[in-house]
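Engineer:
In this note's numbering, the protein residues as written are 125 to 370.
Set out below in structure tokens:
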């Protein structure tokens, strides 16, 4: 039933949050290093809830699916990822430095998570489990778009309000990114709908987040290097000798 899917989705988010907080208290793990450790647990929890909900691997999208439409959407997502990358390079330095993630000193776990892991974790939960489950019970369509795709796309965007609550991003940034995030979420959801496979939204998700994180880290490094050069390029003002004639 749809209400059971919503309940399991909320439970998943709460359990991962609480488990993450417990690990933070007991270990030195923080940020993306913590997310990497939590990833296998999140994937296992999604599969468990899918099993309890009666979803098959096919309904979850654990298959090759329709290759041609899936790859077509992946190819079409490349310009969107590049647009995000280059917009970060052109964004004001003040705005870039206010973003909490993209830590220059701890770039490796951020890049690994963004390029390889985030798509598997989030697409399995939001597209495979939630959207796949909704499409099993909700058969309403808008032209070629399933209502389940629309609902899952909106929920995926609003769930990011959790980033504001844990201070990973400001509410201002959440509002600013709302429309681009909704558009990207719809692309992910529709690619899953037409291909019936998680492979393609996973690839798209990793590409978009990977390019965004790479651009953010690169830009922060440039800003810090420029500030460093300005700071140490100032020539000291020569002191006047005591015996110098006035």
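Virtual Cβ for every residue (Gly too), placed ideally from N, Cα, C.
Can you list, in chain order, the residues of its chain whose CB lies under 7 angstroms from that of residue 276, leaving out five sequence neighbours each side?
Structural biologist: Within the same chain, residue 276 has close Cβ partners 250, 251, 254, 255, 258 and 313.
Engineer: May I ask which residues mark the beginning and end of the alpha helix (DSSP H) holding residue 273?
Structural biologist: Its alpha helix (DSSP H) spans residues 271-282.
Engineer: By Cβ distance below 8 angstroms, which residues in the same chain neighbour residue 287 in space, the five residues on each side in sequence not counted?
Structural biologist: 293 and 298.
Engineer: Could you pull the DSSP bridge partners for residue 349 from this structure?
Structural biologist: Answer is none; residue 349 lacks a bridge partner.
Engineer: Taking a contact to mean a Cβ-Cβ separation below 8 angstroms, would you say residue 247 touches residue 164 in this structure?
Structural biologist: No, the pair does not count as a contact, with Cβ atoms beyond the cut-off.
Engineer: Assign residue 233 to buried or exposed, taking buried as 16 or more other Cβ atoms, counted over all protein chains shown, within 10 Å of its Cβ.
Structural biologist: Per the 10 Å Cβ criterion, buried.
Engineer: Going along the chain, which residues of its own chain have a beta-carbon closer than 6 angstroms to the beta-carbon of residue 327, five neighbours each way excluded?
Structural biologist: So the qualifying residues of the chain are 198.
Engineer: Residues in its own chain within less than 6 angstroms of residue 238 by CB, not counting five upstream and five downstream?
Structural biologist: Same-chain partners within the cutoff: 333, 334 and 337.
Engineer: Output yes or no for whether 8 angstroms exceeds the beta carbon distance between residue 218 and residue 345.
Structural biologist: No, they are not a contact pair.
Engineer: Please name the residue, chosen from 221, 355 and 159, that lies closest to residue 341 on a Cα-to-Cα basis.
Structural biologist: Among 221, 355 and 159, the Cα nearest to that of residue 341 belongs to 221.
Engineer: At the level of alpha carbons, what is the spacing between residue 369 and residue 225?
Structural biologist: Its pLDDT being 47, under 50, residue 369 is placed unreliably by the model, and nothing is read from it.
Engineer: By Cβ distance below 7 angstroms, which residues in the same chain neighbour residue 302 in space, the five residues on each side in sequence not counted?
Structural biologist: Here the set comprises 281.
Engineer: Three or more beta-carbon pairs under 8 angstroms between the segment 154-168 and the segment 181-200, yes or no?
Structural biologist: They do not touch, by the three-pair rule.
Engineer: Counting pairs of Cβ atoms below 8 angstroms between the segment 162-177 and the segment 131-147, do you hit three or more?
Structural biologist: Yes: at least three Cβ pairs fall under 8 angstroms.
Engineer: Leaving out five residues before and five after residue 206 in sequence, what residues of the same chain have Cβ atoms less than 8 angstroms from its Cβ?
Structural biologist: Cβ within range, chain order: 335.
Engineer: Quick one: what's residue 265 bridged to in DSSP?
Structural biologist: Answer is 270.
Engineer: Could you check the C-alpha separation between residue 321 and residue 264 for me, to the nearest Å?
Structural biologist: Answer to the nearest angstrom: the Cα atoms are 20 angstroms apart.
Engineer: Can you tell which of 192, 152, 201 and 306 has its C-alpha closest to the C-alpha of residue 318?
Structural biologist: Ranking the options by Cα distance to residue 318, first place goes to 192.
Engineer: Near residue 376, which residues of its chain fall below 8 angstroms by C-beta distance, leaving aside the five closest residues on each side in sequence?
Structural biologist: Not covered by the structure: residue 376. The range shown for the chain is 125 to 370.
Engineer: Taking the Cβ atom as the reference point for each residue, do residue 128 and residue 177 lie within a distance shorter than 8 angstroms?
Structural biologist: It is a contact, given that the beta carbons lie within the stated cut-off.
Engineer: CA-CA distance, residue 216 and residue 305?
Structural biologist: Going by the C-alpha atoms only, they are around 20 angstroms apart.
Engineer: Alpha carbon to alpha carbon, what distance is there between residue 284 and residue 173?
Structural biologist: So the two alpha carbons sit approximately 21 angstroms from each other.
Engineer: If you draw a straight line from the alpha carbon of residue 308 to that of residue 296, how long is it in whole angstroms?
Structural biologist: Each residue's Cα considered, the two are about 19 angstroms apart.
Engineer: Based on Cα-Cα distance, which residue from 289, 351, 329 and 214 lies nearest to residue 138?
Structural biologist: Per the Cα distances, 289.
Engineer: Spatial neighbours of residue 188 within its chain, please: C-beta separation below 8 angstroms, excluding the five flanking residues on both sides.
Structural biologist: 321 and 323.
Engineer: May I ask you to report which of helix, strand or coil DSSP gives residue 293?
Structural biologist: Residue 293: coil per DSSP, three-state reduction.
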